[in-house]
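95 is the number that this note's numbering gives to position 88 of the sequence shown; each next residue is one higher, with no gaps.
Structure first, commentary second.
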Amino acid sequence: MGAEVEAEWLISLLKDACKGIRGLKALVVFGSYAEGRVMPASDVDIAAVVEDPRALSELRCAVARALKLPEDKVSIVDLRKSPPTLRVKALKRGIVIFGSVSDVVKSIEPDVVEVLEHERESFYQWLEGIDPIDESVIMAIVRQVESDVRFLAKVLRERHPSEITGDEVLRRAFERALHTGIEGALDLLRHIISGLSLGVAEYYRDYVEIAVDSKVIPPEAGEKLLELVELRHKLVHRYRRLDYNDLIEKARAFIEVWPQVSSSVRRYLKEEAGSRRQL
């Protein structure tokens, strides 16, 4: 059975099976059944939008009956309440059987998609046996952030805020340096957290919180970085709504916190390297 025919068959079958389930607003099949790689041991992965949670048990029974499977082979998640990364996976790779998932799509923040791509990259590095903590990557990130910090500090030292906002070329360069500086600091934490399996992130702020919990950086540095995560989001996605007085204050805060982040990461990696040598 071809992939297109199989998908059409699945949509038709599940549409008929789920008719009459009250409170069921939308249905998405994802995983092996949606991707055409069903094996005898495969579960059926279903994401649903429901008004009444009781509809989920009725849905499980209906899907199992339609596909002639035991109910414990049907895995169902409430799409509105599921983790953001799971929502992205289900909607990106799944098949919408019926209903509208537009409100769920709108609820997904852009950085969730970016974080998911970072996690995928880390997974493939693990599969290929690449050293999770790549010294060359760490040093490239640090050099890039150091360069951004030097530029920001020089501009703030030599130019009045009105000169920065009044000069389009300088303003764009300032915004870009601040964006890539913050991005680099977060990427540094991401590389360490993913490489050492310290936790799983769904949002950029999760990298900061995991780094604090794992004592990669101190809590006070974490608090300052969390404020900068929101600024990064504005620089990437909401550039028309920037408050330049706040932007300049945040740039000063970034210049101040970066040496603390850098030295804390250096200390942590030295201790980690020492622990590895003792094993």
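Don't be surprised by glycine CBs; every beta carbon is placed ideally from N, CA and C.
It should be emphasised that the depicted structure is a prediction, and the values quoted were computed from it without experimental measurement.
- The beta carbon of residue 267 is closer than 6 Å to those of 228 in its chain, skipping five residues each way along the sequence.
- Assignment of residue 32 by DSSP, reduced to helix, strand and coil, places it in the strand class.
- Residues of the same chain with a CB within less than 8 Å of the CB of residue 160, apart from the 5 flanking positions on each side, are 262 in chain order.
- Of all alpha-carbon atoms in 156, 222, 239, 255, the one lying nearest the alpha-carbon of residue 272 is that of 222.
- A Cβ-Cβ distance of about 57 Å is found for the pair residue 22 and residue 158, leaving them out of contact under the 8 Å criterion.
- Runs of the beta strand (DSSP E) lying entirely within the stretch 148-176, each at least 3 residues long, are absent.
- Taking the CA atoms as reference points, residue 250 sits about 22 Å from residue 211.
- In this structure, residue 99 lies away from residue 185, with their beta-carbon atoms at least 9 Å apart.
- When C-alpha distances from residue 59 are compared across 148, 31, 26, the shortest belongs to 31.
- The stretch 50-69 makes contact with the stretch 77-89, as at least three CB pairs between them are under 8 Å.
- The bridge partners DSSP lists for residue 82 are 52.
- Relative to the Cα of residue 218, the nearest Cα in the group 193, 239, 51, 235 belongs to 193.
- Rounded to the nearest angstrom, the Cβ distance from residue 254 to residue 189 is 11 Å, too far for a contact under 8 Å.
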